[in-house]
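There are 2 protein chains.
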Amino acid sequence: MKKNMVPEVLLERVARRFKLLSEPVRLDLLNQLQARGEMSVQELVEATGHMQANVSKHLGLMAREGLLARRKEGLNVYYSIADPTLSALCTLVCGQIRQEAFETQDMMSGES
Amino acid sequence: MKKNMVPEVLLERVARRFKLLSEPVRLDLLNQLQARGEMSVQELVEATGHMQANVSKHLGLMAREGLLARRKEGLNVYYSIADPTLSALCTLVCGQIRQEAFETQDMMSGES
DNA sequence: TTCATTTGCAACCATGCAGTAATATTAAAA
DNA sequence: TTTTAATATTACTGCATGGTTGCAAATGAA
Chain A
1 MKKNMVPEVL
11 LERVARRFKL
21 LSEPVRLDLL
31 NQLQARGEMS
41 VQELVEATGH
51 MQANVSKHLG
61 LMAREGLLAR
71 RKEGLNVYYS
81 IADPTLSALC
91 TLVCGQIRQE
101 AFETQDMMSG
111 ES
Chain B
1001 MKKNMVPEVL
1011 LERVARRFKL
1021 LSEPVRLDLL
1031 NQLQARGEMS
1041 VQELVEATGH
1051 MQANVSKHLG
1061 LMAREGLLAR
1071 RKEGLNVYYS
1081 IADPTLSALC
1091 TLVCGQIRQE
1101 AFETQDMMSG
1111 ES
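Chains as they are written, first to last, in my numbering: chain A, 1 to 112; chain B, 1001 to 1112.
Following this line, the structure appears as structure tokens:
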């Protein structure tokens, strides 16, 4: 019997939210925005070294899904983090991964 | 220039961790394990209604990636949650999604 | 031994999606 | 107007992976 039912639609929404965070390029973009605040597409392209079309695609997706806010000004489009839980999520996962790395003597360095 | 560099390998590990949580079936299994503790494959099949081969596949993957612990006893194999941050992650995302649903008058019911 | 139960594995198919190149769109500047 | 810059979109390719089927392996019971 099905117990502890969670509505199918909620499972799917949660899964889709996690899926947005399951790409290194998107995490890289989010990390930049977290550290430097609102940035234009061009700034993000320069900061991360990824191709413009790819950056634009990922930013547009994250904005459509509610993770980012979008503001147009002249030729530039500025993106910023809109989901207040993002940093907490990444901090949790980063911490756990560092912990696992520590336990297996497989150390890593760098900021979250 | 690349600023606020995060090691590529860390980005990939974080992405892979989020990816594990980006499937409704896996979230369903984790939810059962969170609510009822250690369970056998068969119990999880009955509790969720998914096919045995599919459940086994997802459980094996999550165990290999460190999310679950695996214990064999006779014919049965028991899985349990090994990553202590899982419930916090799901709670954060569920809460945010409920908040967004509330803000858009698109209410949902059910437990996390 | 033979049979039944539980679990895992291999092979297959279909879908999704990341990356890229080329082009389109928009807006400002000359 | 023409040109230039910034961003988005389209079409395409290739790869990863979720679901299924069928079977194999392991274990215990008859």
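C-beta: ideal position from N, C-alpha, C; glycine also.
Quiz item: Shorter than 9 Å from the beta carbon of V1006 of chain B to some beta carbon of chain A?
Solution: yes
Quiz item: Just how far apart, CA to CA, sit Q42 of chain A and Q52 of chain A?
Solution: 7 Å
Self-check item: H1058 of chain B versus E38 of chain A - alpha carbon distance
Solution: 38 Å
Quiz item: Taking only beta-carbon atoms, is A63 of chain A less than 9 Å away from chain B?
Solution: no
Quiz prompt | Complete runs of the alpha helix (DSSP H) confined to the region 33–101 of chain A [at least 4 residues] | solution = 41–48 and 52–64
Self-check item: 9 Å Cβ cutoff met for I97 of chain A and V1055 of chain B
Solution: Contact: no.
Quiz item: For V1027 of chain B, which residues in chain A fall below 7 Å Cβ to Cβ?
Solution: Looking at the sequence itself, residue 1027 of chain B is Leu, so the reference to Val does not match. Neighbours of L1027 of chain B on chain A, chain order: L11, V14 and A15.
Exercise. Could you tell me whether any Cβ in chain B is nearer than 9 Å to the Cβ of L59 of chain A?
Key: no
Quiz item: Hey, Y79 of chain A and A63 of chain A: beta-carbon distance below 9 Å or not?
Solution: yes
Quiz prompt | Contact under 9 Å by Cβ, L1113 of chain B with Q1032 of chain B | solution = Look at the range of chain B in this structure, 1001 to 1112, and you will see that residue 1113 of chain B is not part of it.
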